[in-house]
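Notes to accompany the following structure.
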Amino acid sequence: MPVNLPIVEKTLEQLGADTPERVAALFVKVRAEFDREIAAVADDAARKQFRDAWLGRKAGVLTLVTDNWLKPASPALKPVVGQGLNELRSHVESSIKRRRAEIERQSAERAAAAERLDLSLPGIARAVGTRHLVRQTLDEIEAIFLRLGFAVVEGPEIETTYYNFEALNMPELHPARDMWDTFYVDTPTGGPGQLVLRTHTSPVQIRTMERQPPPVRVIVPGKVYRRDNPDASHLFMFHQIEGLAVDQDLTFADFKGTIEFFVHEFLGKNARTRLRPSYFPFTEPSAEVDATCIVCSGRGCRVCKQTGWMEIMGAGMVDPAVYGFVGYDPKQLSGFAFGMGVDRLALLKQGIGDIQVLQQNDVRFLRQYP
Ligand code: FA5
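For any residue, its number in the numbering used here is found by taking its place in the sequence shown, counting from 1, and adding 4.
This is the structure we're talking about:
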């Protein structure tokens, strides 16, 4: 910032300042110009430039006054110029220091004003996750069976072939093993220690009966895995809820009553059920349970493939051969078991046409089930 003071470029002689009064008058002019200019210094960058213009060693105003006024001054005027210069220097230095403090205070005030907390501003809404539709369905089904006195138990997702097949009355090479396309886990030995990703929750029937004496009344929610090609009704990882009740004198009527109660609670009082004969190696007799399609109320639609019915579970009376694997007495006991596909029940209840949306994690879908 060049200082607008041509007088400091000249000597006292050139300025005609030959008396102490005239010299003093020159210093008054310089000081007035300084005071005028410092008032316009508004920020730290301007202050630095201003300081250099006045105090800079090479061409600052005070250096010029020293070189042009003091050094060539006559001996009579030298003390007057010296005194004027000293007073000017201390005025310049202290004023610049004061201005610097003011600028710092002002910028701190400005920053504080910008940061001031405005309690009237609307808050920032944080997105909160929700339970997945499958989790919601699992919880709902569990709650229904808890009311009937069933307990919830769980089992491992990596299972031995013994629990997944053998103890469920499917010896090695039994053709029924083909009902489940299985993911085998590589193990060094193979053979009887062979591990699989469980294809159903039924192995936990065996684990539960091994662990506790009858009576048994449990449900088993969990993930299961099959080498099924994904399509509108198939996933290769899905969820089942197994049910097992074993006691003295349990009959097929107990089984039917339990399932009807569940279907009414889950799908509504108007939903009807039907049983179709089926086959599972670990139940005898076996049945597939259908419920009226909730989307079309049984009239027939795309979701139920125009049949009016939706298959919801496999089930049956526990095959007496199974009790032999867990040390239960088949002559004293009877029971029923069922295994339902939770993902398909979620589709059925919500009228969703493609099971794969449950695993695509599209938030536009997930947000519909808060
Ligand atoms: C079983 O898994 C038997 N363990 C059920 C059972 C338990 C029978 C106890 C008797 C006694 P199934 O393979 O039918 O049965 O499967 C049961 C349900 O899982 C089916 O009704 C269907 O809802 C569901 N499910 C089967 N495969 C798939 C798949 N790939 N994707 C999604 N859901 C499936």
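All C-beta atoms in this analysis are idealised placements derived from N, C-alpha and C, irrespective of residue type, glycine included.
Proximity of the beta carbon of A171 to the ligand FA5 is not indicated: no heavy atom of the ligand is located closer than 7 Å.
Distances taken from the Cβ of S124 to the heavy atoms of the ligand FA5 include none shorter than 7 Å. Here the C-alpha atom of T205 lies approximately 22 Å from the C-alpha atom of L254. Linking L248 to R151 through their CA atoms gives a straight-line distance of about 15 Å. V27 and D48 have their C-alpha atoms roughly 33 Å apart. Within the DSSP secondary-structure output, E315 pairs in a beta bridge with D294.
Between the ligand FA5 and E315, a heavy atom-to-CB distance of less than 7 Å is present.
DSSP, read as helix, strand or coil, puts D358 in coil. Distance from the C-beta of M344 to the nearest heavy atom of the ligand FA5 is below 7 Å. At a threshold of 7 Å, G302 does not count as near the ligand FA5, since its beta carbon sits no closer than that to any of the ligand's heavy atoms. No Cβ-Cβ contact shorter than 8 Å links I148 with F259.
In the DSSP assignment, R114 falls within the alpha helix (DSSP H) that extends over K82 to E119. Within a 10 Å sphere around the beta-carbon of E163 sit 16 or more other beta-carbons, which makes this residue buried.
DSSP lists D294 as the beta-bridge partner residues of R278. When DSSP states are grouped into helix, strand and coil, Y188 belongs to the strand group. When A350, A116, L81 and R35 are compared, the shortest CA-CA separation from V96 is found for R35. Membership of P225 in the beta strand (DSSP E) is indicated by the continuous run V220 to Y229. A residue is called buried once 16 or more other Cβ atoms fall within 10 Å of its Cβ, and E246 is buried on that count.
In this structure V346 is in contact with I145, their Cβ atoms being roughly 7 Å apart against a cut-off of 8 Å. Contact between the region 216-235 and the region 167-178 is absent: fewer than 3 CB-CB pairs across the two stretches fall below 8 Å.
With fewer than 16 other beta carbons inside 10 angstroms of its own, I128 counts as exposed. The distance from the Cβ of R103 to that of V65 is about 16 Å, inconsistent with a contact at the 8 Å cut-off. Taking the CA atoms as reference points, T191 sits about 35 Å from G339.
Where F31 is concerned, there is no enclosing beta strand (DSSP E), although the alpha helix (DSSP H) around it starts and stops at P24 to I42. The residue from Q87, D232, R51 and R93 with its alpha-carbon nearest to that of T67 is R93. In its chain, beyond the 5 residues on either side, L172, N173, D323 and V326 have a beta carbon closer than 6 Å to the beta carbon of F286. Here Q244 is bridged, per DSSP, to G226 and G345. In the displayed model, V69 falls within a helix according to three-state DSSP. Less than 8 Å separates the beta-carbon of G343 from that of Q244.
Placement of the Cβ of D294 at a distance of 7 Å or more from every heavy atom of the ligand FA5 is found. Within its own chain, the residues whose Cβ lies closer than 8 Å to the Cβ of V12, once the five positions on either side in sequence are excluded, are V34, V65, L68, V69, N72 and W73, listed in chain order.
Inclusion of I359 and R368 in the CB contact set at 8 Å is not warranted, their separation being larger than that value. Here A155 is bridged, per DSSP, to V222.
In the same chain as L9, and ignoring 5 residues on each side of it, the C-beta atoms closer than 7 Å to its own belong to V34, E37 and V65, in chain order. With fewer than 16 other Cβ atoms from the protein chains shown falling within 10 Å of its own Cβ, R130 counts as exposed. Residue burial annotation: D39 is exposed, with fewer than 16 other C-beta atoms found within 10 angstroms of its C-beta.
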